[in-house]
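Colleague:
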Amino acid sequence: MRSPTDSKTVTIMTATWNCNAQVPSKRSLEAWLTGQASGEEGCVGADMYIIGLQETVELKAKEVFLNRDVSGPWQKQIERALGATGHGRFRPVIKIHLVGMLLLVYATEHIARNIDGVQEYTVGVGVMGVGGNKGSVAARFRLFGHRLMVLNMHLTAHQQNCDSRNKDLQKIWKKFSVEPSGHGLDDLVFAMGDLNYRLDIKDGNIVKTLIDKKDWGSLLAFEQLIRQRAENKVFLRFTEGKIAFPPTFKFKTGTNEYSEKRVPAWCDRVLWWRDQRTCSVVQRWYRSIEEVYISDHKPVCALFDVTLRGAKPGKFRSVSPGFGHPLMRTNSSSEEDEMSTGAQSNGSTPVRPSTDTWSQRGSRRSVNKGGSSGSGSTKVTSPVEQAQGLAIRVNSRRSAFESSSRSSKSGQQYLNLPALEPSSRSASESRSPMRIRKGSSRDRYSPAQVRNASPARISDSSPARFRDTSSPVQSHSVSPGARQRRVVSSPLSPPGHGGMGEKDSRIA
399 MRSPTDSKTV
409 TIMTATWNCN
419 AQVPSKRSLE
429 AWLTGQASGE
439 EGCVGADMYI
449 IGLQETVELK
459 AKEVFLNRDV
469 SGPWQKQIER
479 ALGATGHGRF
489 RPVIKIHLVG
499 MLLLVYATEH
509 IARNIDGVQE
519 YTVGVGVMGV
529 GGNKGSVAAR
539 FRLFGHRLMV
549 LNMHLTAHQQ
559 NCDSRNKDLQ
569 KIWKKFSVEP
579 SGHGLDDLVF
589 AMGDLNYRLD
599 IKDGNIVKTL
609 IDKKDWGSLL
619 AFEQLIRQRA
629 ENKVFLRFTE
639 GKIAFPPTFK
649 FKTGTNEYSE
659 KRVPAWCDRV
669 LWWRDQRTCS
679 VVQRWYRSIE
689 EVYISDHKPV
699 CALFDVTLRG
709 AKPGKFRSVS
719 PGFGHPLMRT
729 NSSSEEDEMS
739 TGAQSNGSTP
749 VRPSTDTWSQ
759 RGSRRSVNKG
769 GSSGSGSTKV
779 TSPVEQAQGL
789 AIRVNSRRSA
799 FESSSRSSKS
809 GQQYLNLPAL
819 EPSSRSASES
829 RSPMRIRKGS
839 SRDRYSPAQV
849 RNASPARISD
859 SSPARFRDTS
869 SPVQSHSVSP
879 GARQRRVVSS
889 PLSPPGHGGM
899 GEKDSRIA
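In our numbering, the protein residues as written are 399 to 906.
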C-alpha cells in the first residue's frame, strides 16, 4: 500500500518536432530543449527529457522498406545540447525508432537509478495500413514504482483526413493497450507528436489574418483535434494545456513565413493523462520555438512538475535495448525466455522478463507475477520476428528428431513401407515407395504398418529411386519423363503436422 507521505516530485520536459529530415545545429537544439522562446523563461533543472522526433529521414518507399536507424547524429547533438544546459549529467534510458520516428528519454543519474521495467512498442499505420511512415513508437517503464507510458506519434496527413487520423489513434491505442482509467496499465501517460490535425478553414488568408492579430480563440474554434475530443472520439480523459502560440505548420524552410501551399495548423501537440489516486501533474508552460527555421514545422515543448504519491525506490536493472546497455544483456538457456523474446535473428541476446504483473493485450509478451529474476527490460517483438523465431525453433527440433532416428553405421535410414493404394490416380501415376519422415506426407500409414516396416538404406548410386535392391518390397517402375508428386513441408510447420502444399518434380 502506497503511503501518501512518501512522495517524489519529478520535473519532466516533453519535446516534439517534425524535423523534415534535417539535423539541426547545437544552438537550435538548446533553444528547443530549454524552451527558450523569445521573451519567455526557459527550462530550469529538468530531471527527465522525453523527446519525440518525426521525419528523421525522408519518407520515401526505400526508407520505409529499409527502416534504417539514423539516430546516431541526433543522439550526439542532443547529448551535447543537454550537456550545455548546466543541469548535470543526463543518462540515456530509452531509444526506439521506426522509419522516421524516434523516441529518446534521458534522465539524471538519480532518476535513472530509479527506472526499471523498460518495455518497447512500435506500430505502423501508414502504407497499406502497416507502413512505418506513419504510426507510433512508445515505451512503458517504472519510475519510483509508478508506471509511466510515453508515446511519439505521426498520423495521417492532409486536412480532409480527420477520420483517418481518428482510426490511426484507435489502432495505436488497441495495439499498445492504452487505457486511461484507474483499471489500466499506467499511472501516467504522455502522448505527443505530429498528430496532423488541421483547421476546418479552407481560406488560408483568413487564417493568416487571425494569426497576425493573435486571435487564437477564433482559430481554435475550428481546430479538428479540439472538436474531436469534445465529441469524445479521441484522447478520452486526456488533458492538453492552453494553446497560446502560433500554428506550428506549414512554414517556408529557413523563414518564419507560412507557406501558401497549406493552411496553417497546430499539427504538433503534447497531451497527458494521469491517475488522480497515484500522481498529480502541473504544467508550467506549453510553447513553440519560433527561432528554429530549418524545418517546415516548429518544435513544441512543455514542462511538467509530476508528483508521484507513495514513491518507492526503483532498481536500475536495465535501459532500453536500443542503447545496448551492458546491464540489460543477460544470457538465458531457458526455452521460455527464448520464446518470449522471439527470434534472435539480429544477433540480440534474450532478455529475461520483469517480475511485475503487466498483462499486455495486443503484444507478444505477457509478464506474469513470479517471473524469473534478472533484467527488467522486455522487448515486444513484431509478428515477423515471432515467425522467424518459430521457424528457428521448429527446424532445430526437426533436426534433433531426424538425427536421433538415424543409424550411426548406415547414414540415413528410412522405413520401407508398402505403396499406398492409388485411390483416384491412374496406373501411370502410382506412387513409388517414398522415404517417410514424420509429418511430411498427407497420406497416412497405419501405426501397425509403421511398426512392422523394416529399415532400408538408400543406395548412394541411385538416390533418386529411394529403394534398396535387398529390400523385399518391389519398387514401381517409373518411365523417363513421368511426373512424381512430392510433398513440400512448410518451414513453420511443427513436427507432426503435414506440409503446406505439393509440387511436381520431373525425374530424369
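A virtual CB, placed ideally from N, CA and C, is assigned to each residue, including glycine.
Every value quoted in this text rests on a predicted model; they were computed, and no experiment measured them.
Grab the span of the beta strand (DSSP E) containing SER534 for me, first residue to last.
Modeller: Residues 533–541.
Colleague: Between the alpha carbons of SER716 and VAL491, how many angstroms are there, rounded?
Modeller: At SER716 the pLDDT is 43, less than 50, meaning the model places this residue with poor confidence; the figure from the coordinates comes in the next sentence. Going by the C-alpha atoms only, they are around 8 Å apart.
Colleague: Closer than 7 Å by C-beta to VAL421: which residues in its own chain qualify, once you throw out the five before and the five after it? Chain order, please.
Modeller: The residues are PRO471, TRP472, GLN475.
Colleague: Taking three-plus beta-carbon pairs below 8 Å as touching, is the stretch 602–613 in contact with the stretch 568–584?
Modeller: Segments in contact, no.
Colleague: Pick helix, strand or coil for ARG478, following the three-state DSSP scheme.
Modeller: In this structure, ARG478 counts as helix in the three-state DSSP scheme.
Colleague: Are the stretch 639–654 and the stretch 662–670 in contact at 8 Å, needing three or more beta carbon pairs?
Modeller: Segments in contact, yes.
Colleague: From the DSSP output, read off the bridge partner residues of ILE790.
Modeller: In the DSSP output, where bridge partners are listed per residue, ILE790 has none listed.
Colleague: Taking the DSSP output, what are the residues bridged to GLN452?
Modeller: In the DSSP output, where bridge partners are listed per residue, GLN452 has ASN416.
Colleague: Can you list, in chain order, the residues of its chain whose CB lies under 7 Å from that of ARG478, leaving out five sequence neighbours each side?
Modeller: LYS424, listed in sequence order.
Colleague: For ARG685, is the classification buried or exposed, using 16 other Cβ atoms within 10 angstroms of its Cβ as the cut-off for buried?
Modeller: Burial call: buried.
Colleague: Taking C-beta to C-beta, are VAL668 and THR412 nearer than 8 Å?
Modeller: Contact flag set, yes.
Colleague: Rounded to the nearest angstrom, how far is the Cβ of TYR447 from that of VAL516, given a contact under 8 Å?
Modeller: Contact flag wrong, Cβ pair sits at about 16 Å.
Colleague: Helix, strand or coil, according to DSSP, for LYS600 in the structure here?
Modeller: Coil, per DSSP.
Colleague: Return the CA-CA distance between TYR656 and TYR691, expressed in angstroms with no decimal places.
Modeller: Between TYR656 and TYR691, the C-alpha separation is close to 11 Å.
Colleague: Quick one, which of GLN622, GLY652, LYS611 has its alpha-carbon nearest PRO644's?
Modeller: Considering only alpha carbons, the answer is LYS611.
Colleague: May I have the straight-line CA-CA distance separating ASP514 from THR676, to the nearest angstrom?
Modeller: So the alpha carbons of these two residues sit roughly 18 Å apart.
Colleague: What residue range is occupied by the uninterrupted beta strand (DSSP E) comprising GLN681?
Modeller: Segment 677–686, the beta strand (DSSP E) holding GLN681.
Colleague: What would DSSP say about PRO471, mapped onto helix, strand or coil?
Modeller: The answer is helix: DSSP assigns PRO471 an H, G or I state.
Colleague: Which of the three DSSP states, helix, strand or coil, is assigned to ILE609?
Modeller: Note: ILE609 maps to helix in three-state DSSP.
Colleague: For ARG487, count the other beta carbons within 10 Å of its own beta carbon; 16 or more makes it buried, fewer makes it exposed. Which is it?
Modeller: Counting Cβ neighbours within 10 Å, ARG487 comes out exposed, since fewer than 16 surround it.
Colleague: Are VAL523 and VAL462 touching if we call contact CB-CB under 8 Å?
Modeller: For VAL523 and VAL462, no; Cβs fall outside 8 Å.
Colleague: Just list the residues that DSSP pairs VAL587 with in beta bridges.
Modeller: BP columns for VAL587 point to MET547, TRP671.
Colleague: Write down every uninterrupted run of the alpha helix (DSSP H) in the stretch 484–520 whose length is 4 residues or greater and which is fully enclosed by it, in chain order.
Modeller: Listed in chain order, they are 507–510.
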